[in-house]
Each structure stands twice: as structure tokens, then as C-alpha cells.
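Here the structure comes first, spelled out in C-alpha cells, and everything after it is commentary.
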Amino acid sequence: MFRVFQHDPDLFGRMAPRLGIAVPAIVETTPLLSAADGSSPVACQWNTQLHLKTAGQEELQLLIEAQDRRDSDKPVHWAHHVAYMWSRRRLPTCLLILCADAETARWAEQPVSSGPVQPPALTLHPFVAGPHNLPLVTDQDETRTDPALAALSAMMHPADPAVGTALRALSAALQDLPEVLAHPLTDLTDQALRLHPARHVWRELMLPVVREREYRRVRAEGRADSAREGLLVVLATRGFHLGDDVRRRVAGCHDPGTLRRWLLRAVAAQTPEEIFEDE
1 MFRVFQHDPD LFGRMAPRLG IAVPAIVETT PLLSAADGSS PVACQWNTQL
51 HLKTAGQEEL QLLIEAQDRR DSDKPVHWAH HVAYMWSRRR LPTCLLILCA
101 DAETARWAEQ PVSSGPVQPP ALTLHPFVAG PHNLPLVTDQ DETRTDPALA
151 ALSAMMHPAD PAVGTALRAL SAALQDLPEV LAHPLTDLTD QALRLHPARH
201 VWRELMLPVV REREYRRVRA EGRADSAREG LLVVLATRGF HLGDDVRRRV
251 AGCHDPGTLR RWLLRAVAAQ TPEEIFEDE
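In full-length UniProt numbering, the protein residues as written are 1 to 279.
Spelled out as C-alpha cells, the structure:
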């Protein structure tokens, strides 16, 4: 689920009011490398990290983790994560826990304290998103307005009787989006539903889209192969010496438009270098 925020970093700003999270209006969100990149201690890892800027120019950071069950060790690690990043970047630091189980979500949102009861030295209040506070989005208009939020809601309600309706609305909305936006949400939804019967519903809904995507991919590869072969034939016919650099450049290009442009230039070029000018 956390990968939805990597695909659409602005999602937190849109969903915070729905969750009753009292943060100032967020006007800019930047994904940062998480601890998984090796820049932080192994014991201090989280799934996603966002840098947020509010309308009042306040800066803060948000750590996002997915939690699928109760784990008595996790609250201590969460407090460690927040304290570590607060110390490292000197920015107010928040933690969002994503749960697809309502019981786990209610457990995760309990404050965690360390130190004497009165007063504790440290208390962590994580934000939590789960089935208990993020309703399933089934309305088609709402889904089209915010497909990322709709996808996340479906991931959090995989066993809801209305999840089929939600997935149908989501599949219709994704088919209207450019592939660069739709493809990640399609795959993320599929991965999140992998342990649930709803995945079969999702795959049936998206089968025509996947087939069309594969057809376009194979067709584009075929056009690229034809243009690449034609370019090499013209270069050889004109007696140009095909050095390793030229061969690697041609072999490494998979864009049919670029290859056709090089092919047209090769017909009249005086040297191989002219073919690749301004590239």
C-alpha cells in the first residue's frame, strides 16, 4: 500500500482531512529516499519518506509504513524511526501507519509512551489509515477525481461486499488515464489484493487493458526492430564504417520514432556523426 504514495506523493495532503488529521494545508510534496537505500542504520527502516511544505512555508517530513498485523515490537521501532529522522534532518516528523485490517489499525493508533507514567519522557502519536477511517470509494465520479485514493481504499477493504463495485469504478477510471499514470496503479492494486478473492475480480476487469497494453508493446518493438534493421542496412550500403559506439547506440535505442529519424538522416548524411547530431 505504501507504494501508492511513491506513485502519487500528493495523496497524503488530499486524504489527511478525511482521516481527521489536523495538519496545515500541504502545497508541495517531495519523495525522499527511504532507509532501504542503505543511508540509515539497518535497525531504522521505513517504507516511504515524504518531505512536505505547508501553505505557511512550514516544512515537515512524513514516514509511511504498512502494518498487516499486531506486533508488540513495532511501536518501539516506530518511535526510533521518528526520533532518528527528527534528529537527522531537524524537521518536525510524523508517522503514518497503513493497515488493511481494522483491528490492527485501532491497535496501531494507540499512543506509545516511554519513561515514568507521570510524565513520560517520550510519547508517539502515529497517524493511522485503515478500514475504520478510510471508507471504500465506490462512486464513479469520486473515483475518476482521485483514482489513487480510490485504489488505496480498495486495498484497505479487500473483503468488503462492495469491493467489486469499487474495482469496477477504478478500472473504468484507469482506462481513461494515460498509461504512465494508470499502469502503476493497476499493478499496485493487483499486488495489494494478491491474498484475497478480490484479486480475481480485478484481473478479470483489467484483462482487456493488459492485453491491449501488451499488444501495443509488441507492436512498438516490431516497429523499432524494423527501423533498426533498415538503418543498419542503409549505413552498410553507403559504406559507412560502423564502429562499436554506433552499433551500441543503434542497438540500445528502442524508440521507433528516433530510429526512423536516424534512418531518414542516413540516406543523405555525409558522415555517421551527422545522423546523430542534436541527439
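Virtual Cβ for every residue (Gly too), placed ideally from N, Cα, C.
When the Cα atoms are used, what is the spatial distance from GLY252 to THR165? Indexing the sequence shown from 1 puts residue 252 at position 252. Indexing the sequence shown from 1 puts residue 165 at position 165. Straight-line Cα distance between these residues: approximately 44 angstroms.
Which two residues bound the contiguous beta strand (DSSP E) that contains VAL76? Looking up residue 76 in the sequence shown gives position 76. Counting along the chain, VAL76 falls outside any beta strand (DSSP E), though it belongs to the alpha helix (DSSP H) covering 74-89.
For the beta strand (DSSP E) that contains PHE127, what are its first and last residues? As a first step, residue 127 is located in the sequence shown; it is residue number 127 there, counting from the start. PHE127: member of the beta strand (DSSP E) spanning 127-129, first to last residue.
Excluding sequence positions up to five away, which residues of its chain have a Cβ less than 7 angstroms from the Cβ of VAL66? Within the sequence shown, residue 66 is the residue found at index 66, counting from 1. Looking at the sequence provided, one finds Ala at residue 66 rather than Val. Within the same chain, and ignoring the five residues on either side of ALA66 in sequence, the residues whose Cβ sits closer than 7 angstroms to its Cβ are MET1, PHE2, ASN47, LEU98.
Comparing C-alpha positions only, which one of ILE64, PRO75, VAL23, ASP187 sits nearest to GLY56? Locating residue 56 in the sequence shown gives position 56, where the first residue counts as 1. Cα-wise, what sits closest to GLY56 is VAL23.
For ALA55, the three-state DSSP class (helix, strand or coil): Locating residue 55 in the sequence shown gives position 55, where the first residue counts as 1. ALA55 sits in coil when the DSSP states are folded into three classes, being neither helix nor strand.
Between TRP86 and ALA169, what straight-line distance do the alpha-carbon atoms span, to the nearest angstrom? In the sequence shown, counting from the first residue as 1, residue 86 sits at position 86. In the sequence shown, counting from the first residue as 1, residue 169 sits at position 169. One alpha carbon belongs to TRP86, the other to ALA169, and they sit about 40 angstroms apart.
Count the other C-beta atoms from every protein chain shown that fall within 10 angstroms of the C-beta of ARG228, then say buried if there are 16 or more, exposed otherwise. As a position in the sequence shown, residue 228 is number 228, starting the count at 1. So ARG228 counts as buried.
Best match in ALA172, ARG238, ASP255, PRO31 for proximity to LEU60 [C-alpha to C-alpha]: Position 60 of the sequence shown, counted from the first residue, corresponds to residue 60. Nearest in C-alpha terms to LEU60, of all of ALA172, ARG238, ASP255, PRO31, is PRO31.
If I follow the unbroken alpha helix (DSSP H) through PRO256, where does it start and stop? If you number the sequence shown from 1, residue 256 lands on position 256. In the DSSP assignment, PRO256 falls within the alpha helix (DSSP H) that extends over 256-268.
When the Cα atoms are used, what is the spatial distance from VAL4 to ILE26? On the sequence shown, residue 4 is found 4 positions in, with the first residue counted as 1. On the sequence shown, residue 26 is found 26 positions in, with the first residue counted as 1. CA-CA distance, VAL4 to ILE26, rounds to 18 angstroms.
According to DSSP, residues forming a beta bridge with THR123: Your numbering for residue 123 matches position 123 in the sequence shown. When DSSP reads this structure, THR123 sits in a beta bridge with SER113.
With a CB to CB cut of under 6 angstroms and the five nearest residues on each side skipped, what residues in its chain are close to GLY13? If you number the sequence shown from 1, residue 13 lands on position 13. Cβ within range, chain order: ILE26.
Going straight from the alpha carbon of ALA148 to that of LEU134, what length do you get? Position 148 of the sequence shown holds residue 148. Position 134 of the sequence shown holds residue 134. Rounded to whole angstroms, ALA148 and LEU134 show a C-alpha spacing of 13 angstroms.
Under three-state DSSP, which class holds THR138? Position 138 of the sequence shown, counting from 1, holds the residue named residue 138. Note: THR138 maps to coil in three-state DSSP.
Kindly give me the distance between the Cβ atoms of ARG203 and PRO256, rounded to whole angstroms, as I take these residues to be in contact under 8 angstroms. On the sequence shown, position 203 is the one that residue 203 refers to. On the sequence shown, position 256 is the one that residue 256 refers to. The beta-carbon distance between ARG203 and PRO256, rounded to whole angstroms, is 30 angstroms. This is too long to meet the 8 angstroms contact definition.
Compute the Euclidean distance between the alpha carbons of LEU174 and THR186, then round it to the nearest angstrom. Working through the sequence shown from its first residue, we reach residue 174 at position 174. Working through the sequence shown from its first residue, we reach residue 186 at position 186. Just so you know, the alpha carbons of LEU174 and THR186 end up roughly 8 angstroms apart.
Which of helix, strand or coil does DSSP assign to ILE97? Here residue 97 refers to the residue found at position 97 when the sequence shown is read from its first residue. The answer is strand: DSSP assigns ILE97 an E or B state.
Beta-carbon proximity check, LEU263 vs GLY230, cutoff 7 angstroms: Walking along the sequence shown from the start, residue 263 turns up at place 263. Walking along the sequence shown from the start, residue 230 turns up at place 230. Going by beta carbons, LEU263 and GLY230 fall inside the 7 angstroms limit.
Between the Cα of residue 280 and the Cα atoms of SER113, ILE275, LEU181, ARG106, which residue gives the shortest distance? Residue 280 is absent from the structure shown; the chain starts at 1 and stops at 279.
Rounded to whole angstroms, what's the CA-CA distance from MET15 to VAL234? Just pull it up for me. On the sequence shown, residue 15 is found 15 positions in, with the first residue counted as 1. On the sequence shown, residue 234 is found 234 positions in, with the first residue counted as 1. Near 56 angstroms, if we compare the C-alpha coordinates of VAL234 and MET15.
Out of PHE276, GLY115, ARG219, which one is the CA nearest neighbour of ASP245? Here residue 245 is taken as the residue at index 245 of the sequence shown, counted from 1. Minimum Cα-Cα distance from ASP245 among the listed residues PHE276, GLY115, ARG219 corresponds to PHE276.
CB contact flag (VAL163, ALA150, <7 angstroms): Within the sequence shown, residue 163 is the residue found at index 163, counting from 1. Within the sequence shown, residue 150 is the residue found at index 150, counting from 1. No, the Cβ-Cβ distance between VAL163 and ALA150 is not below 7 angstroms.
What is the DSSP secondary structure of GLY38, reduced to helix, strand or coil? Taking the sequence shown and counting its residues from 1, the one referred to as residue 38 is at position 38. For GLY38, the pLDDT reaches just 47, beneath the cut-off of 50, and the residue's location in the model is therefore unreliable, although a value from the coordinates is still provided. Coil, per DSSP.
My parser needs the alpha helix (DSSP H) runs of 4 or more residues fully inside the stretch 138-200; what are they? Taken in chain order, the complete alpha helix (DSSP H) segments of 4 or more residues contained in the stretch 138-200 are 140-145, 147-156, 163-175, 179-192.
Let me make sure I understand the geometry here. Which of ALA154, SER113, ASP68 has the alpha-carbon closest to that of VAL201? For the purposes of this step, residue 201 is identified with residue 201 of the sequence shown, where counting begins at 1. Taking the Cα of VAL201 as reference, the smallest distance to any Cα among ALA154, SER113, ASP68 is reached at ALA154.
Which residues mark the beginning and the end of the beta strand (DSSP E) in which LEU32 is found? As a first step, residue 32 is located in the sequence shown; it is residue number 32 there, counting from the start. LEU32: member of the beta strand (DSSP E) spanning 26-32, first to last residue.
Do the CB positions of ARG70 and THR104 come within less than 7 angstroms of each other? On the sequence shown, residue 70 is found 70 positions in, with the first residue counted as 1. On the sequence shown, residue 104 is found 104 positions in, with the first residue counted as 1. Cβ distance < 7 angstroms, so ARG70 and THR104 count as in contact.
Do PHE127 and LEU91 have their beta-carbon atoms positioned less than 7 angstroms apart in this structure? Reading the sequence shown from its first residue, position 91 is the one you call residue 91. Reading the sequence shown from its first residue, position 127 is the one you call residue 127. Cβ atoms of LEU91 and PHE127: not closer than 7 angstroms.
How long is the line joining the alpha carbons of GLU142 and LEU50, rounded to whole angstroms? For the purposes of this step, residue 142 is taken as residue 142 along the sequence shown, with counting starting at 1. For the purposes of this step, residue 50 is taken as residue 50 along the sequence shown, with counting starting at 1. Distance between GLU142 and LEU50, taken at the CA atoms: about 25 angstroms.
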